[in-house]
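Undergrad:
Residue numbers (this note's numbering): 60 to 168.
1) Out of 85, 81, 84 and 107, which has the shortest C-alpha to C-alpha gap to residue 93?
2) Kindly indicate which residue of 75, 95 and 118 has the alpha-carbon position closest to the one of residue 67.
3) Please classify residue 155 as buried or exposed, where buried requires at least 16 other C-beta atoms within 10 Å of its C-beta.
4) Output the distance between the C-alpha atoms of residue 95 and residue 146, rounded to the nearest integer angstrom.
5) Can you give me the Cβ contacts of residue 78 inside the same chain, cut-off strictly under 7 Å, excluding the 5 residues immediately before and after it?
6) Residue 81 and residue 74: beta carbons closer than 8 Å?
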């Protein structure tokens, strides 16, 4: 069994069951990068540099979807809408949790 420690915001929601709707827990993106982020950031292991915490929503969000021009410097602002739609399709945003990781609660110190 492979164990890995990831650090997430204390207020992040608990990881949903695999196949359930995404709730912004951040576990998947903290563990590894999606295919789009692998191309953009040239890394496989997480945390993804585009993983953004939203204090207003108390959840993690994908910065590549929220602010594509910020992460893809040569992208003109006028192309952001099309980029969001394409990126959402490539990462299968909205199709549910695809992270099979099992989460153990933090151990008391």
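Positions of the beta carbon are idealized from the N, C-alpha and C atoms, including for glycine.
Values in this document were obtained by computation on a predicted structure and should not be read as measured data.
TA: Working from what's here:
1) As a working mapping, residue 93 is identified with position 34 in the chain shown. The residue with the shortest Cα to Cα distance from residue 93 is 107.
2) As a position in the chain shown, residue 67 is number 8, starting the count at 1. Ranking 75, 95 and 118 by Cα distance to residue 67 puts 118 first.
3) Along the chain shown, one-based indexing puts residue 155 at 96. Classification for residue 155: exposed.
4) The residue given as residue 95 occupies position 36 in the chain shown. The residue given as residue 146 occupies position 87 in the chain shown. If you take the alpha carbons of residue 95 and residue 146, they lie about 7 Å apart.
5) On the chain shown, residue 78 is found 19 positions in, with the first residue counted as 1. Once the five neighbours on either side are set aside, the close Cβ partners of residue 78 are 155 and 156.
6) Position 22 of the chain shown, counting from 1, holds the residue named residue 81. Position 15 of the chain shown, counting from 1, holds the residue named residue 74. Contact flag unset, no.
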